[in-house]
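Residues 33 to 457, numbered by this note's numbering, are exactly what the sequence shown covers, in order.
Yeah, the Cβ is synthetic: ideal placement off N, Cα and C, and Gly gets one too.
Being a predicted model, the structure only gives us computed values, none of them experimental.
Here the structure comes first, spelled out in structure tokens, and everything after it is commentary.
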Amino acid sequence: MRKQLVLLDTSTAGCNTGIPFSIRISSARISKNRGSDRSTSTDHCLVLIVAAIGSVCRCSSLATAYSKRPDARYIGKALAMLHNVHLEFSLRSAQCLLLLAVYYNCIGKPCQAHDFVLMASCKTQALFKCHLYDDDSRSMELLRRIFWSILLIETELGYHMDMPESNIWKFDDRILLPGIHDSWEPFHENQRYMFEQSEPMGLSALTSNDTKAYFLAAISMCRMMRRCFDSVVLFNNKEVYAPIIANELGNQLENWHEHLPSSLKFDRQRGFSVPTDATAPGSTASDSSSQAAAARFLEMQFYQCLISTYWPAVYSILYLDAAPETSLADCSRFFDAYVGLVSSISTTIESCPHTPWNFYASLFITTLAAYKGAQAPCLRYAIAPAVISCFQDAKIMFKNGEAVTKSPSLMMTGDILSQYINTES
């Protein structure tokens, strides 16, 4: 039983970055299901999926997980029960679909993750509309956690892929934010010693207050990401850049950063650094605690949002020989944010080695956009050396990334980046 409990603890501690983990599995349920090889219940399916996630997270990297495949024995049995999950209309079936999305995101398969998060979204929205749990506060709280987990995952995947949406944003102003307390200890107090004896070195969970603050910050960031393109407005049937709106969006981001608790607040004035050609990402010493991982993930999202906010300023002057001063100032903010993002991604990959696809996809998209912007006639000779250096650094991160060798899509994007970027020009 200890192994199953430890895998569950690892799945919550190691893969929590980005979602308010939406499982409540008691040790009694694990004990009941661990020997039920022939059980096809959704309870048993859920335990198997969590064990698969935990076994991946206990590996030192995605490449190690791919070579050893410790998850194979669990995920194979779980997928064999998928027809029961689809047929059942319950919280447990929605959890299974959601955690399958988490699993595929952990192993670098975003399209499969997107498939399952859409299934989970449709089932969760139906559960809300049927009002099945209005009189059960515990079940309703769990349903809200599932909802916000889906929203965060779908938004993160949708930022990098042009894929169908589940319409879940239609409900974001109607669903209460989730409570977070009691989400991180799937054991009785007298079983704590099992975790303390088996917990991976250097892995420490967020405190209850930090956990709550982190997920509220992540949800707020999701909402700001949805608004970041509001700086483009229609004028005389044309899309034009509105610097006043961009400035307001930037102020909202500043306020978001100011309200982060000190334990999660990142230093925006720190010196930026990225791996050299001789140093693979992840080979440098870094704080691997959940607190550090959460702070770095928020930092990366902060720069992503800034880039999306000010990209319309760059796009609006791509082919101009001269540009308004306000647009040039916002272009400068875009390139500053790009430098911050490249450095942030390099450290985030170190802290979150099991979900690299989203990080590399963001690096690819933003680097191509920044490189295109740097070719604008009115910007070409005003680009800071740090920006030019980041183009090469992005190529190096793809070249040296251990996870890239295990993902055909990442290998392809890395090749495209190398062919497209000519840092000597």
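Residue i - DSSP class collapsed to helix/strand/coil
i      : result
TYR351 : coil
GLU197 : coil
LEU411 : coil
LEU150 : helix
HIS289 : helix
LEU94  : helix
ALA324 : helix
PHE298 : coil
HIS163 : coil
PRO440 : helix
ILE139 : coil
ASP447 : helix
ASP204 : coil
SER340 : helix
LEU30  : Nothing can be reported for residue 30, as the shown portion of the chain is limited to 33 through 457.
Within 8 Å, strictly: CB atoms of residue i and residue j
i      : j      : result
LEU183 : ASP204 : yes
ARG258 : TRP180 : no
ALA416 : TRP343 : no
ASP242 : PRO210 : no
PHE160 : LEU150 : no
TYR335 : SER376 : yes
SER198 : CYS260 : no
ILE339 : THR398 : yes
MET256 : CYS337 : yes
CYS89  : CYS162 : no
LEU132 : ILE81  : yes
THR379 : ARG300 : no
PRO102 : SER87  : yes
Alpha-carbon to alpha-carbon, residue j and residue i
i      : j      : result
TRP288 : TYR135 : 30 Å
GLY314 : LEU94  : Residue placement at GLY314 is poorly supported in this model, since its pLDDT is 43, which falls under 50; the coordinates still yield a value, given next. Using only the alpha carbons, I get a separation of about 12 Å.
LYS404 : ALA278 : 20 Å
THR341 : THR358 : 14 Å
GLN284 : ARG105 : 47 Å
ALA406 : ILE349 : 11 Å
VAL419 : SER364 : 10 Å
ASP362 : GLU186 : 29 Å
GLU331 : ASP167 : 39 Å
PRO356 : ASP262 : 20 Å
SER441 : GLY140 : 9 Å
LEU411 : TYR351 : 10 Å
ALA84  : VAL436 : 21 Å
ILE428 : ALA158 : 46 Å
GLU271 : VAL346 : 14 Å
ALA145 : LYS297 : 29 Å
LYS438 : GLN451 : 20 Å
ALA112 : SER73  : 11 Å
GLU120 : LYS109 : 18 Å
VAL374 : THR387 : 17 Å
Near the ligand SAH: residue i beta-carbon under 7 Å from a heavy atom
i      : result
ARG170 : For the structure depicted, the ligand SAH is absent and the ligand set is empty, with no information on it obtainable.
Range covered by the beta strand (DSSP E) that runs through residue i
i      : result
TYR273 : 270-273
Unbroken alpha helix (DSSP H) run spanning residue i, endpoints
i      : result
VAL264 : It is not in any alpha helix (DSSP H) - VAL264 instead sits in the beta strand (DSSP E) that spans 264-267.
LEU114 : 114-119
GLU357 : 357-383
ILE453 : First-last for ILE453: undefined, no H or E at that position.
LYS404 : 388-406
HIS76  : 74-89
ALA418 : 417-432
ARG101 : Note, ARG101: premise wrong, no alpha helix (DSSP H); not H, not E.
MET169 : One point to set straight first is that residue 169 is Ser, not Met, in the sequence displayed. Where SER169 is concerned, the enclosing alpha helix (DSSP H) stretches over 169-192.
PHE247 : 240-259
Practice prompt. Would you be able to state if there are at least three C-beta pairs under 8 Å between the stretch 390-397 and the stretch 190-197?
Written response: yes
Discussion item. Does the structure place the stretch 127-134 close enough to the stretch 76-91 that three or more beta carbon pairs sit under 8 Å?
Written reply: yes
Worksheet item: Would the stretch 170-181 and the stretch 363-379 be scored as touching if the rule is three or more Cβ pairs under 8 Å?
Response: no
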